[in-house]
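Here the numbering used here is used: the first residue of the sequence shown is 1, the next is one more, and so on.
Glycine is no exception: its CB is placed at the ideal position from the N, C-alpha and C atoms.
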Amino acid sequence: MYRYDHLDLEWETKELVLPGIGIKLDVPPRARICHLGQSNQFDWEKENSAGICVPQPNFKTGGYDFIIARKKDLEPAFYDTFVMGHEEGHLLNYIGGLEILYDQSKHLGLEFPFMNIFDLKKSDESAKKIHQKRYNHQDFARVWKKDNLLKESLADVAGLVTLIKQEFPDKMVEIIRKEVEQRSLKPLEKLFDMPEYTYAQGKRKSVIQSIEPKSTKLKTDLSNLENGNLIQISDYLRKRKD
């Protein structure tokens, strides 16, 4: 279990604005959410990541606590922005906000084969049942035990949505979009309905671990970009721990 009682945290229990994706959400029953933003309250070397979304059971409230944070002073700005959106995407999975992510991404012209609205709605329904304490094993698996590749791909979409909303260059967004799309082309059709398949795939590399600029063309594209070195995005995608 993650220890956070030593941290200076402010909790939202009614409504929450996600600054990256730019939406307002209702906090689920008995849940508390803390969006720390940039923070030096974590041992980021130990976390082995530039950002986290930590879900924890709260035995006093009978619900869950969620902490979103990212490493302080991340540079360049697009890297910090992408990490913020990515971690907000994980939160949307846990609290039943994937349909909102779908609507946001579709409005911005982002479409991926793994973003099936029917499946995303089923996941959201299961997440709401979990917070309402009327869930079964399949509901829990559908939300908390998602195939890691799918889970990380959905979070990457939230990162892309954030970059677009913060008006970063189209070329930068397109390079990352192609990377996410290429790494996510897996047989995902039955993941939402087959928890045993989800468990069986637990050791498969996540999209965060697998994305890195190996091709010569991608390296050339990255090196030609202005306003920083996009390779940091790929490092984050590769090093993000499960």
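Short Cβ contact (8 angstroms threshold) for residue i with residue j
i, j, result
"Leu163", "Phe82", "yes"
"Glu99", "Ile117", "yes"
"His279", "Gly63", "The chain is shown from 1 up to 242; residue 279 falls before or after that span and cannot be answered."
"Ser39", "Ala69", "yes"
"Leu92", "Ala31", "no"
"Val173", "Asp156", "no"
"Leu18", "Val27", "no"
Nearest neighbour of residue i, chosen from the options [CA to CA]
i, options, result
"Glu12", "Pro19, Ile33, Ile130", "Ile33"
"Leu160", "Ile175, Gln56, Phe114", "Ile175"
"Asp8", "Gly37, His137, Leu110", "Gly37"
"Tyr79", "Tyr102, Gln182, Pro169", "Pro169"
"Tyr102", "Arg177, Lys165, Leu154", "Leu154"
"Lys122", "Phe59, Asp73, Lys146, Pro76", "Lys146"
"Asp124", "Glu167, Leu74, His90, Glu111", "His90"
Cβ distance (whole Å) where residue i is taken to contact residue j below 8 angstroms
i, j, result
"Gly20", "Met84", "4 angstroms"
"Tyr94", "Ala127", "6 angstroms"
"Pro55", "Gln132", "Contact flag wrong, Cβ pair sits at about 16 angstroms."
Per DSSP, the bridge partner or partners of residue i
i, result
"Ile33", "Glu12, Phe66"
"Ile52", "Ala69"
"Pro57", "Tyr64"
"Val17", "Lys24"
"Ser39", "Lys71"
Practice task
Report the residue ranges of all alpha helix (DSSP H) runs contained in full by the segment 61-124; include only those spanning at least 4 residues, in chain order.
Solution key: DSSP runs (the alpha helix (DSSP H)) wholly in the segment 61-124: 77-95, 98-107.
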